[in-house]
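**Student:** Count along the sequence shown from 1, add 9, and you get the number used in this note's numbering.
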Amino acid sequence: MKSQNIHKNQSGAVTLLTALVLLIGITLVTLMSSKTVLVQIQIAADNYRMTQAVAAANAALDFGIGYFDGAVNAEVSLSLVLIMIITSVLIICLIL
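1) Assign Ser-97 to buried or exposed, taking buried as 16 or more other Cβ atoms, counted over all protein chains shown, within 10 Å of its Cβ.
2) Work out the CA separation of Arg-58 and Val-30 for me, nearest whole Å.
3) Does the distance from the C-beta atom of Ile-90 to that of Phe-72 stay below 8 Å?
4) Is it buried or exposed for Ala-62, if we count other Cβ within 10 angstroms and need 16 for buried?
5) Can Ala-64 and Met-93 be called in contact, C-beta distance under 8 Å?
6) Rounded to a whole number of angstroms, what is the C-alpha to C-alpha distance between Thr-24 and Ile-52?
7) To which residues of the same chain is Thr-27 closer than 8 Å at the C-beta, ignoring the five residues directly before and after it?
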């Protein structure tokens, strides 16, 4: 009779241990998937900033070509070219 009581008490411990192992497993899977999501967000942000930097650099090049071809007002053009170049450099620095 006494051995049956001990066996009954042990079944609760096994259930608790199983639930604990499952909980730890689910926690690890959740943490790994959240880490993957954060990396994907960082990659997407880097791609967006890279696209902005390329667009700003292309605009500065187009503006510079227009400046040297004489199609752009000289007073306004120099300040805009400098602003575009500085913007391009800042965006590229943010990427790195």
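Cβ coordinates follow ideal geometry from the N, Cα and C atoms, glycine included.
Remember, it's a predicted structure, so these values are computed and weren't measured experimentally.
**Tutor:** Answer, in terms of the structure:
1) Reading the sequence shown from its first residue, position 88 is the one you call residue 97. It is buried - the Cβ of Ser-97 has at least 16 other Cβ atoms within 10 Å.
2) Here residue 30 corresponds to residue number 21 of the sequence shown, with the count starting at 1. Here residue 58 corresponds to residue number 49 of the sequence shown, with the count starting at 1. Val-30 and Arg-58 have their C-alpha atoms some 43 Å from each other.
3) Counting from 1 along the sequence shown, the entry for residue 90 is found at position 81. Counting from 1 along the sequence shown, the entry for residue 72 is found at position 63. Residue 90 is actually Val in this sequence, not Ile. Against a cut-off of 8 Å, the Cβ pair of Phe-72 and Val-90 comes out as a contact.
4) Translated into the one-based positions of the sequence shown, residue 62 becomes position 53. So Ala-62 ends up on the buried side.
5) Sequence index remark: in the sequence shown, residue 64 carries index 55 (1-based). Sequence index remark: in the sequence shown, residue 93 carries index 84 (1-based). In this structure, Met-93 does not lie closer than 8 Å to Ala-64 by Cβ.
6) Position 15 of the sequence shown, counting from 1, holds the residue named residue 24. Position 43 of the sequence shown, counting from 1, holds the residue named residue 52. Just so you know, the alpha carbons of Thr-24 and Ile-52 end up roughly 42 Å apart.
7) For this step, residue 27 is matched to residue 18 along the sequence shown. Contacts found: none.
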